[in-house]
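Presented below is the structure to which this report refers.
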Amino acid sequence: PHSALATTSSLSSGGDYNMTAEAAAGLDQHKYYHGLLPREDLGMLLREDGDFLIRMSEPTQPATVGRQFIISVNQSDPEKPGEHDIKHFVIKKREDGTYVIDWLKFKSIPKLVAYHLTKGISITKNYTCLIKRAIDRQPWELEHEHIVSTNKLGAGAFGEVHLGILRRPNREEVKCAIKITKLDSLNKDQIKEFMTEARLMRHFECDYVVRLYGVAVAAEPLMIVME
Numbered sequence: 029p030h031s032a033l034a035t036t037s038s039l040s041s042g043g044d045y046n047m048t049a050e051a052a053a054g055l056d057q058h059k060y061y062h063g064l065l066p067r068e069d070l071g072m073l074l075r076e077d078g079d080f081l082i083r084m085s086e087p088t089q090p091a092t093v094g095r096q097f098i099i100s101v102n103q104s105d106p107e108k109p110g111e112h113d114i115k116h117f118v119i120k121k122r123e124d125g126t127y128v129i130d131w132l133k134f135k136s137i138p139k140l141v142a143y144h145l146t147k148g149i150s151i152t153k154n155y156t157c158l159i160k161r162a163i164d165r166q167p168w169e170l171e172h173e174h175i176v177s178t179n180k181l182g183a184g185a186f187g188e189v190h191l192g193i194l195r196r197p198n199r200e201e202v203k204c205a206i207k208i209t210k211l212d213s214l215n216k217d218q219i220k221e222f223m224t225e226a227r228l229m230r231h232f233e234c235d236y237v238v239r240l241y242g243v244a245v246a247a248e249p250l251m252i253v254m255e
């Protein structure tokens, strides 16, 4: 029988795929959460002043610093009209379970986002930085539960390759190849390299290049899904 990757324990580092950290932060049901999408992919998403998204950052040294939630915001430069910069702010989880950027505490990250979005209050006290428009996950950012494995083809140092089926809502099922990586065997640079491969595939679409359906990065394991 076919097995959804989201429930195949052998494909994740800690048993069944789960979104424990994201669920605890209240993010698992919000489309503005982009998982482990690296900052190199943000320029094409955050185009206007105040555009923002939430993502998770894999630290350079996992043994010393845990993963962190980041809010990335496109901010215009008041001294240089027409120029923008993407700012990144760590959302810290306190011992009491609340979330904070500078000083205001919230029970969940969505509550933090909603407060600053509706009140028009800067997310940092150091300077004015307003969030105005949440940027949802793109069509090429796939959901793990829509990816089904039918046959394992092989395994390498950093992951596995499977044959499978992509089952997107309101779309025809398509057969696919699935390249899967395990975060416990990858450092930050290797994750970046994995995502660079997917980015390059997105930009080239012709008869001589394997078509990319998308990536699944909202939770682990990371996946590249292609024809």
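Residue numbers (this note's numbering): 29 to 255. Backbone N, C-alpha and C define an ideal beta-carbon position, used for all residues, glycine too.
Beta bridge counterpart(s) of residue i as assigned by DSSP
i      : result
Phe117 : Ile99
Glu169 : Val243
Asn179 : Leu191
Phe134 : Tyr127
Tyr61  : Ile82
Ser150 : Partner(s): none; Ser150 has no beta bridge.
His112 : Ser104
Ala162 : Phe80
Buried or exposed by the 16-neighbour rule on C-beta atoms within 10 Å, applied to residue i
i      : result
Asp79  : buried
Pro249 : buried
Glu86  : buried
Tyr60  : buried
Met72  : exposed
Arg165 : buried
Leu13  : The structure shown has nothing for residue 13, since the chain only spans 29 to 255.
Leu240 : buried
Gly63  : buried
Ala142 : exposed
Ile149 : exposed
Asp69  : buried
Tyr127 : buried
Val101 : buried
Lys116 : Per the sequence shown, residue 116 should be read as His rather than Lys. When all chains shown are included, His116 counts as exposed.
Gly182 : exposed
Start and end residues, beta strand (DSSP E) containing residue i
i      : result
Ala53  : Premise fails: Ala53 is in no beta strand (DSSP E) and is neither H nor E.
Thr209 : Val202 to Thr209
Ala142 : Segment Ile137 to Lys147 is the alpha helix (DSSP H) holding Ala142; no beta strand (DSSP E) there.
Ser85  : Asp79 to Ser85
Ile252 : Leu250 to Met254
Residue from the options with nearest C-alpha to residue i
i      : options                           : result
Lys121 : Leu145, Ala49 and Arg161          : Ala49
Gly184 : Leu191, Val176 and Ile208         : Ile208
Ala205 : Val189, Lys220, His62 and Leu228  : Val189
Gln96  : Leu65, Asp105 and Asp124          : Leu65
Ala53  : Val245, His116 and Lys133         : Lys133
Phe222 : Gly125, Ile82, Met251 and Ser104  : Met251
Val245 : Val101, Cys157, Trp168 and Val118 : Trp168
Thr152 : Leu140, Leu170, Ile129 and Ile163 : Ile129
Ile137 : Glu225, His112, Leu70 and Ile82   : Ile82
Asp77  : Ala162, Asp217 and Asn215         : Ala162
Next item on the list: Could you say if the segment 192 to 199 and the segment 170 to 183 meet the contact criterion of at least three C-beta pairs nearer than 8 angstroms?
Entry: yes
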